[in-house]
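Right, one structure below, let's go through it.
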Amino acid sequence: MQVPVPAAGFNNFNYSFSYLCLPDDKNVCIIDDIIRAMEEIQSARVSNRSVPVLQYPITQLADGRQAYIGHQLGGVQSWGPRVRSARALQLTYYLQARGDMMDRVASQWEKSFCAELQHFAALHPKLGLYPSTSSSLRTDFQFSSVLARRPLLASLGVCGVLAVLCCSMRDCVRSKPWLGLLALLSVTLSGLTAAGILNLTGATYNSTYLGIPFVMLGHGLFGSFEMLSSWRRTREDQHVKERVASVFEDVMLRFSGSTMIHLMTLGLAASPLTNMEAVRLFCRTAALAVTISYVYMLSFYGSCLVFTGYLETGYRHGCFCRRVPKPDRLDSKPAWYRCLMYTRYQDEAQTNPPHCFGDWITNTYVKPFVVLLYLVYISFGLMGFLQVTQGSDPSALVAMDTATVSYTRAQQRYFSSYSPVIGFYIYESAPYWNASVQRDLLEYAKGFQRISWLEAYLNYLADRNQSTSQPRENFTRTLRHAFLHQPQFAHFADDIIFAERGQGGEPDVAASRIFLVAKTTENKREEMSVLLDTLRRLSLTSRVRFLIFNPSFVYLDRYAAAVSSPLRHSLLAVLFLLGLSSLAVVEPLVSVWLGLTLLSVQFGVLGFMTLWGVELDCMSVLCLISALGHSADCSAPLLCGFASGRGDSRTRWVRVALEQHGVPSLQTLICYSAALLPVGSVRSNLTRTLFRCLTLTAGCSALHTLAFLPTLLTFLPPSKSRGHRPDGEGQRQEVECVEMNDSTRVVDQITTV
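At position 698 of the sequence shown (counting the first as 1) the number is 698 in UniProt numbering, and the numbers step up by one without a gap.
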């Protein structure tokens, strides 16, 4: 059975593989050694000669050359070194790229090749064909964005519905459903503005940017719900301008501080401290989007809040904007109309709803269970943290039903017995004729499948009864003029570089290379990482200066620091936070507790995502970086309210903080979590990682904001005596509290008090 190799049509000319192939020194197309071996076997059968033995993983060709075929035959069953059968065959076609036109022709040839394979697979359904081209990874990586378009629109719709419900009340005048949609519109407009700026600056889009809308959504919803909650705490007898001024006075510091934390963490990740370009690009774009979202919230959404405030002052319906009649005029209306137009006028008595959750979570009998839950949280987080693995598989960032995933699975199934070919480069002149140096180099390569010119040359000398330890001139002369002129050893000339010596002496071996392949098991990636570290440590202590390289090492090195990168950024963010709090007028208690909360959330997300099967790849690192800002959005208002509280006990401070900031944080978490649900249905490894990491971020932030912090703050520092003031000042503070809490009293009554 033969697979036809197609020809690519371009400019009315068909380019075949023989024209596009990469030639060798003899101007012959470079093909895989397994093809040459199979051609030799077929030729021997046709001419009724003895069939050459095909060995695995290193076989010998007809010209005497040894060839490594471990990555070309898969699922091999053998009798000793002799191949009995193989279940998979991997072929590589090497194309040349000599300019833009040749690149376009080669790209067209690859498309024609894949189309021909699909047609061939349809004719032979029992044969599995898995093509992979130079553009497959890029195409399949960007395909995640195409698959996520409709789920992102569904996320926007679900979040809009919940935002409307969160802004609605039984009171039709004080209900503000439009503010929920306007908050979402503000986030959308800021995202479009950021995208427009990126397009104008010539930036390119990639699928990792799918996480940016959720960074903006969490931050924007936090600001909008905090402003709405602060508005509802203002006195209704005040003018709209005064109420809006009170809202900005109350929210501005918290919202600006949260934005600063976002920009600080994203800025650190976008700096040269990060060694992944994808992370730097994401964080730069996310920082721009968060900055624009901050401006939109304070300008556009603030203006919308003013408009709805005038509607409330005029007793107009929060949804239909028409004036609500007085209660005496509603008595004659139908029941559905009275229910739709229900409101409470200012002269009616107001009953404050009970805050059951704050009393329950700070109950003495509940606190031990919450502390136990936090210990369980830390235990499972630590268990996952100790099992963190590096996600060095590129197929983990592409859509699921793609050629890249199918090719990677087939390669892992049939071709995982051996590691990638490792280049062992000796980059300085070494005394190869010295017996001790020869022993060291042979010892380094021991245990590997190897293609080594030095080992072949030493065997060549031994077969001719010559000593392997010769003077330099004799050793080099025999190598150049005898060994490399043998047909079976001529290909080793590409592995040796000679340098001329002065005074017409025999050239020295200035540099050389050998190729090593290690036997691996199912944990191929972990074994490669250990092997890489071992060989690198050996290169530092060896007297022969060498380095090792494989193109896959670049990818491994990129993620070698990924395990510590999120925690390093967390620690730097906390240190910056403490430094800024010492310069600004910020309560030091807020900075300390906020820093501890950020570290705890980051630690939990990192541990639980490992237990959920998420590896530490590019996407998960981005989610961990954005988790710092999201956890700050949820917990910072609670900590600010607690630190500014005045009362007889810490429990009272926590209850007041939960009354003021617990509901906005819960609304933000509900809308944010619901927006993530449609993304979890996308058949893409990238979006699956995004969904799991952001879901864990929302869950861990909710636990800290609504359970852990309210409980721990009741019995941990500061002491009860913090903020003690003289009696007169304390009385004035008490009067101010009465004035703010009871909005039905007029100013004259407060003055009398």
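Cβ atoms here follow ideal geometry from the backbone N, Cα and C, with glycine treated the same way.
- Rounded to whole angstroms, V371 and P551 show a C-alpha spacing of 49 Å.
- Note on the UniProt domain "SSD" (169 to 307): there is no whole beta strand (DSSP E) run with a minimum of 3 residues.
- Take M528, set aside five residues on each side of it, and the residues of its chain with a beta-carbon closer than 6 Å to its own are S419, in chain order.
- Between the C-alpha atoms of I670 and G128 there is a straight-line separation of about 46 Å.
- The criterion of a C-beta distance shorter than 8 Å is satisfied by L706 and G662.
- Per DSSP, T697 lies in no beta strand (DSSP E) segment; the continuous alpha helix (DSSP H) that holds it begins and ends at N685 to L703.
- As a beta-bridge residue in DSSP terms, P23 pairs with C29.
- Nearest to M609 by alpha-carbon distance, out of P678, L694 and I292, is L694.
- With a minimum length of 4 residues, the unbroken runs of alpha helix (DSSP H) contained wholly in the stretch 447 to 533 fall at 453 to 463 and 472 to 481.
- Counting of Cβ neighbours within 10 angstroms places D401 among the exposed residues, the total staying below 16.
- Between M227 and V251 the beta-carbon gap is near 5 Å, inside 8 Å, which marks them as a contact.
- With a cutoff of 8 Å on beta-carbon distance, C172 and V324 are scored as near each other.
- Judged by their CB atoms, Q438 and T476 are not nearer to each other than the 8 Å cut-off.
- Between the C-alpha atoms of G157 and G220 there is a straight-line separation of about 16 Å.
- Judged by their CB atoms, L532 and Y427 are not nearer to each other than the 8 Å cut-off.
- For the options V682, Q118 and F691, the alpha carbon positioned closest to that of A148 is the one of V682.
- In the structure shown, L165 adopts helical secondary structure according to DSSP, grouped into three states.
- Cβ atoms of A115 and A106 stay farther apart than 8 Å, at about 15 Å.
- For the set V279, F424 and A269, the Cα lying nearest the Cα of Y209 is the one of V279.
- Restricting attention to alpha helix (DSSP H) runs no shorter than 4 residues, the stretch 27 to 92 encloses them at 33 to 46, ordered along the chain.
- S701 counts as buried, since at least 16 other C-beta atoms from the protein chains shown sit within 10 angstroms of its C-beta.
- It is roughly 36 Å from the alpha-carbon of A287 to the alpha-carbon of Y407.
- Distances from the CA of P710 to each of K241, Y294, T364 and Y414 were compared; the closest alpha carbon is that of T364.
- The residue among C634, A657, S635 and D633 with its C-alpha nearest the C-alpha of S644 is A657.
- By the criterion of a C-beta distance shorter than 6 Å, F255 is surrounded in its chain by G223, once the five residues flanking it on both sides are discounted.
- With respect to the 8 Å criterion, H491 and V601 are not classified as neighbours on the basis of their beta carbons.
- DSSP places Y425 in the strand class (E or B) of the three-state scheme.
- In the structure shown, Q390 falls within a strand segment according to DSSP collapsed to helix, strand and coil.
- Counting C-beta pairs with one atom in each stretch, the stretch 328 to 339 and the stretch 183 to 192 have fewer than three that are closer than 8 Å, which means they do not touch.
- In the DSSP assignment, L616 forms a beta bridge with Q390.
- Here R104 carries a helix assignment [DSSP, helix/strand/coil].
- For the pair of segments examined, the stretch 66 to 75 was found not to touch the stretch 457 to 466: the number of CB pairs separated by less than 8 Å stays below three.
- Rounded to the nearest angstrom, the Cβ distance from E39 to P52 is 11 Å, too far for a contact under 8 Å.
- Around the beta carbon of I35, fewer than 16 other beta carbons lie within 10 angstroms, which makes this residue exposed.
- Counting along the chain, L611 sits inside the alpha helix (DSSP H) bounded by residues P588 to L611.
- In the structure shown, L713 falls within a coil segment according to DSSP collapsed to helix, strand and coil.
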